[in-house]
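So the numbering used here is basically just the index in the sequence shown, starting at one, shifted up by 464. Heads up, the beta-carbon is just placed ideally off N, CA and C, and yes, glycines get one too. Keep in mind the model is a prediction, meaning the values are calculated, not measured. Read through the structure below, which is laid out as structure tokens, and then see the notes.
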Amino acid sequence: MRLPGRRGHRLLFAAAACLLPAAVLAPLGSAAAERKEPATSDSAASCFWTGPFTSDQDKFNFAYLDAGALYWSSHYTLPEGAKLTLDGAYAHARYQSVNSYEPVAATPLTALNDQQIQPDPGSRNPFLAGAERTFPKRSWTVQVDPNTPPKDPADQQPNTLYAGKPGSNAQSLVYRVYVPDRGRDASGGVGLPEPVLTLADGTKVTGSKVCDALEPGEQGGPRVQPIDEYNALREQPGKPVGFPASEPVRWHASYTTQWLRDCTYHDQCTPAPPRSVGQYSNLDNAYVSARLSRDLGPVAVLHGRIPTTPATHDGDKRMGSGQLRYWSMCAYEAWSTRVEGKQSCLYDEQLHPDKHGYYTVVVSRPEDRPRNATAACGVDWIAWPEKGDGAGHVNDGYVLMRNMLPAKGFTHVPQNTRTGDDEKRVMGPYLPDGSHTGKAAFEKRGCSAA
């Protein structure tokens, strides 16, 4: 279990300024020196899988990527009567999954995560709590069913991913690996799942011949709102300074794209519909997001409690447990959906919470970063997107927080929000309090962890 780290929450509420120590007054160190960095080396893509999608590859930087995760996609048309299987292995990582999506809307259909995938005979699943994470035999096989899932979950077959849509043989898959272990490549040291195609006449096809039959293509570009529609919402007359941001910071759970727009721009947040989040969202995650604005202050301060999660980055021998499997917070361009590299994201093991599990995260441009917004002072930092929303509003900010696979009994998660205005009531201290301030004002709070 990930244990709370350094003290941070007293910084937010310091009643009086104190002198900053010399170590804090020195130039800020690199983020890499303060954070545990996930693997970024390429894991060879194939004719079937495109990727990895990462923030440092502009071509693939869209759909709100999480810098703690790596993604590969495949978009193909299944020949009539054919069947597809994936032969894979459990990654040396925090998490892995394969999701199917509706190809046009980019909304998830079904998913299989690591714990849901049963191992091949003789292999073991290292993602089960207490399992040996380095066990050498770790293979699995998943059937990609071309049909829609049964209405009754009890009728779904094990190790089966349902990827079909009535009237179409087009299918879309995304394979994910979160936080590969230190020293492992982007795939978590096991490579990518290999497709095996069985044609209608029973012929098995592997390797490049699979791609000859499926003709997979790359994932399309970002699914963004037309710029004129976006600006009509963003630039409504008579709105307060900083719109659509507010002071204090206001969080919204994600349900559907249209609902979030109505809630953000028209304050129409109830009733909340069933969740059907687009942008290739992960069914194992639930999300809350908040708008920020430099017009309200160039430094946004977020303070909350971090759920416990299993520690894996350093190659821990046994799979731990926690309140969540994974947690992260990232800053994005709200319109373009881009993330500006690793400095715009933090995942759970990168935080420096106090002994009670409370963290303070500062969001600012690099030039506005307070000198005490460092791990040494118990404060973590996220880079404010240089281009704002990516649509010309350079002072805009957008922060999104992920909560993955909550443990049974841990209820303070966005998965349990229901009404569109109950985020704080449901999440309690696990939903950060937020406010805007200035660089000098934050520096006057001193360095309580020094």
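Asp665 counts as exposed, since fewer than 16 other beta carbons sit within 10 angstroms of its beta carbon. DSSP, reduced to helix, strand and coil, places Trp715 within a strand of the structure shown. Between the region 584-591 and the region 625-643 there are fewer than three C-beta pairs closer than 8 Å, too few to call the two in contact.
Cys809: member of the beta strand (DSSP E) spanning 809-811, first to last residue. A straight-line Cα-Cα distance of about 11 Å links Thr662 and Val608. With a cut-off of 8 Å on Cβ pairs, the region 877-892 is not in contact with the region 794-807, counting fewer than three such pairs. Per DSSP, reduced to three states, the secondary structure at Asn633 is coil, with no helix or strand assignment.
DSSP, reduced to helix, strand and coil, places Arg782 within a strand of the structure shown. The C-beta of Arg889 has fewer than 16 other C-beta atoms within 10 Å across all chains shown, which makes the residue exposed. Secondary structure at Arg909: coil, using DSSP grouped into helix, strand and coil. His900 carries a strand assignment under DSSP once its states are collapsed to helix, strand and coil. If one requires a minimum length of 3 residues, the beta strand (DSSP E) runs lying completely within the region 794-845 are 809-811, 822-828, in chain order. Taking a 10 Å sphere around the C-beta of Glu693, we find fewer than 16 other C-beta atoms and assign the residue as exposed. Counting along the chain, the unbroken beta strand (DSSP E) around Tyr862 starts and ends at 860-868. A residue is called buried once 16 or more other Cβ atoms fall within 10 Å of its Cβ, and Ser561 is buried on that count.
The three-state secondary structure of Pro516, taken from DSSP, is strand.
Ser632 counts as exposed, since fewer than 16 other beta carbons sit within 10 angstroms of its beta carbon. Nearest to Asp522 by C-alpha distance, out of Glu804, Gln582, Gly702, Ser538, is Glu804.
Judged by their CB atoms, Gly702 and Asp759 are not nearer to each other than the 8 Å cut-off. Segment contact: the region 750-757 against the region 891-908, three or more CB-CB distances shorter than 8 Å; contact assigned.
Taken through DSSP and simplified to helix, strand or coil, Lys547 comes out as strand. One alpha carbon belongs to Pro613, the other to Ser828, and they sit about 44 Å apart. With a threshold of 16 other beta carbon atoms within 10 Å, Gln700 falls short and is exposed. Taking a contact to require three or more Cβ pairs closer than 8 Å, the region 801-820 and the region 523-531 qualify as touching.
Within its own chain, no residue has a Cβ closer than 6 Å to the Cβ of Pro630 once the five positions on either side in sequence are excluded. A distance below 7 Å between beta-carbons, with the five flanking residues on each side excluded, links Glu813 to the following residues of its chain, in chain order: Arg466, Lys500, Ala775, His777.
DSSP links Tyr694 through a beta bridge to no other residue.
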